[in-house]
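Trainee: Every position in the sequence shown, counted from 1, becomes a number in this note's numbering once 489 is added. Mind looking over this structure? Questions follow.
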Amino acid sequence: MTRLAVELANTQTLDEHGELVATFFAEHQITPPPGGDYGELPDLVRAALAQWIDGTAPDAVHRLLRDYPPHMHLTDHDGHWHIHYSPDNTPAQHWLGQLIAAQLALIVTGEPSVTLGRCTATNCHNYFVDQSRNRTRRFCTNTCASRTTVAAHRARTTKKP
Numbered sequence: 490m491t492r493l494a495v496e497l498a499n500t501q502t503l504d505e506h507g508e509l510v511a512t513f514f515a516e517h518q519i520t521p522p523p524g525g526d527y528g529e530l531p532d533l534v535r536a537a538l539a540q541w542i543d544g545t546a547p548d549a550v551h552r553l554l555r556d557y558p559p560h561m562h563l564t565d566h567d568g569h570w571h572i573h574y575s576p577d578n579t580p581a582q583h584w585l586g587q588l589i590a591a592q593l594a595l596i597v598t599g600e601p602s603v604t605l606g607r608c609t610a611t612n613c614h615n616y617f618v619d620q621s622r623n624r625t626r627r628f629c630t631n632t633c634a635s636r637t638t639v640a641a642h643r644a645r646t647t648k649k650p
């Protein structure tokens, strides 16, 4: 769920043909919104991620919880009991908002298994879920890491007049 939140914040939509989204939506009988339009949800999620990473008050998470209140219930649709935060067949924007609101509330209150970060590459403001062993990832993609490494090398080796 956290990866969906990050994808939504970074791209302003979700790749409905991507394996993660397609599987998740199909399992819960969710129809993606026309044109991938999630309204203000992507901006609100991006604000929530920024506030958490910057260590400021989680006002955006409060707003997510208010605008998309999770509807917690137990399900065993895959043979194992787990919590769902929205009923199946809920409109996509509301369903996704409820799941993200619940997940970000857990993260803000100290969910130890999730580490979020913001890319440190110049001109990149994307977020990522850090699943590295030591939780010290600095870039959203290998492309940003390579671009930064190449730029640093060029800066060191370029002779200045």
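For glycine and all other residues, C-beta sits at the position ideal for the given N, C-alpha and C.
Can you check whether the CB of Pro559 is closer than 8 Å to the CB of Thr581?
Mentor: Correcting the residue type first, residue 581 is Ala in the shown sequence and not Thr. The answer is no: Cβ separation not under 8 Å.
Trainee: From this set, Val603, Arg555, Gly599 and Asp556, which residue's C-alpha is nearest Met490's C-alpha?
Mentor: It is Val603 whose Cα lies nearest to the Cα of Met490.
Trainee: Beta carbon of Ile542, beta carbon of Gly599: below 8 Å?
Mentor: Contact flag unset, no.
Trainee: What is the rounded straight-line gap between the Cα of Gln518 and the Cα of Thr545?
Mentor: When rounded, the distance between both Cα atoms is 36 Å.
Trainee: Quick one, which of Ala640, Thr646 and Leu538 has its alpha-carbon nearest Arg655's?
Mentor: Missing from the structure shown is residue 655; the chain here goes from 490 to 650 and no further.
Trainee: What beta strand (DSSP E) runs, 3 residues minimum, are completely inside the stretch 558–592?
Mentor: Counting only runs of 3 or more, we get 562–564 and 571–573.
Trainee: Go to Val603, then tell me how far its beta strand (DSSP E) extends in each direction, as first and last residue.
Mentor: Per DSSP, Val603 belongs to no beta strand (DSSP E) and is neither H nor E.
Trainee: Since Phe628 and Ala640 should fall inside the 8 Å C-beta cutoff, what is the C-beta to C-beta distance between them, to a whole number of angstroms?
Mentor: About 12 Å; that fails the 8 Å criterion.
Trainee: Residue range of the beta strand (DSSP E) that Phe628 falls in?
Mentor: Counting along the chain, Phe628 falls outside any beta strand (DSSP E), and DSSP gives it neither H nor E.
Trainee: According to DSSP, Tyr616 sits in a beta bridge with which residue or residues?
Mentor: Tyr616 is bridged to Arg607.
Trainee: Can you look up Arg533 in the DSSP assignment and give me helix, strand or coil?
Mentor: Per the sequence presented here, residue 533 reads as Leu, with Arg not at that position. The answer is helix: DSSP assigns Leu533 an H, G or I state.
Trainee: For Arg645, count neighbouring C-beta atoms within 10 Å of its own C-beta (all shown protein chains included) and say buried if the count is 16 or more, exposed if not.
Mentor: Exposed, since its Cβ has fewer than 16 Cβ neighbours within 10 Å.
Trainee: Identify the continuous alpha helix (DSSP H) that holds Ala520 and give its terminal residues.
Mentor: Just to set this straight, residue 520 is Thr in the shown sequence, not Ala. No alpha helix (DSSP H) holds Thr520; DSSP gives it neither H nor E.
Trainee: Quick one: Cα of His583 to Cα of Arg622, how far?
Mentor: Between His583 and Arg622, the C-alpha separation is close to 34 Å.
Trainee: Please check the pair Gly586 and Tyr557, which I expect to be a contact at CB under 8 Å, by giving their CB distance rounded to whole angstroms.
Mentor: Sure, about 3 Å apart at Cβ, within 8 Å.
Trainee: With a 10 Å radius around its C-beta and 16 neighbouring C-beta atoms as the bar for buried, classify Asn578 as buried or exposed.
Mentor: Looking at its Cβ environment, which holds fewer than 16 other Cβ atoms inside 10 Å, Asn578 is exposed.
Trainee: By the DSSP assignment, the alpha helix (DSSP H) with Asn499 in it spans what residues?
Mentor: That run of the alpha helix (DSSP H) goes Thr491 to Thr500.
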